[in-house]
C-alpha cells in the first residue's frame, strides 16, 4: 500500500487522469451512462491537482 501512496504523492494528476480515461472508456464500451459522472469527477480532480489544489489521498 505504501507503493500506491508514494506514487500518488509523486504524480497525482496522471493517476486521476488515467482513472477518468479508464472510466470513460468503459462507459463508451457499454453505453450505460452510469460511469459518465464518475469519469467527469476524476477529470475534474485531475485538473484541480494540476492547478495546485492539494486534496490529499482521502479527498
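Residue numbers (our numbering): 23 to 81.
Every residue gets a Cβ at the ideal spot worked out from N, C-alpha and C, and that includes glycine.
Quantities reported herein were computed from a predicted structural model and do not represent experimental measurements.
Min CB distance residue i to chain D below 8 Å
i          : result
residue 62 : No chain D is part of this structure, which consists of one protein chain only.
DSSP-derived helix/strand/coil call for residue i
i          : result
residue 24 : helix
residue 29 : helix
For residue i, the first and last residue of its enclosing alpha helix (DSSP H)
i          : result
residue 38 : 34-52
residue 66 : 58-73
Whole-Å CB distance - residue i paired with residue j, under 8 Å assumed
i          : j          : result
residue 42 : residue 72 : At roughly 12 Å, the Cβ-Cβ gap does not stay under 8 Å, so residue 42 and residue 72 are not in contact.
Same chain, Cβ closer than 8 Å to residue i, neighbours up to 5 away in sequence not counted
i          : result
residue 70 : 77
residue 48 : 57
Proximal residues to residue i (C-beta, below 7 Å), its chain only, five neighbours per side dropped
i          : result
residue 46 : 61
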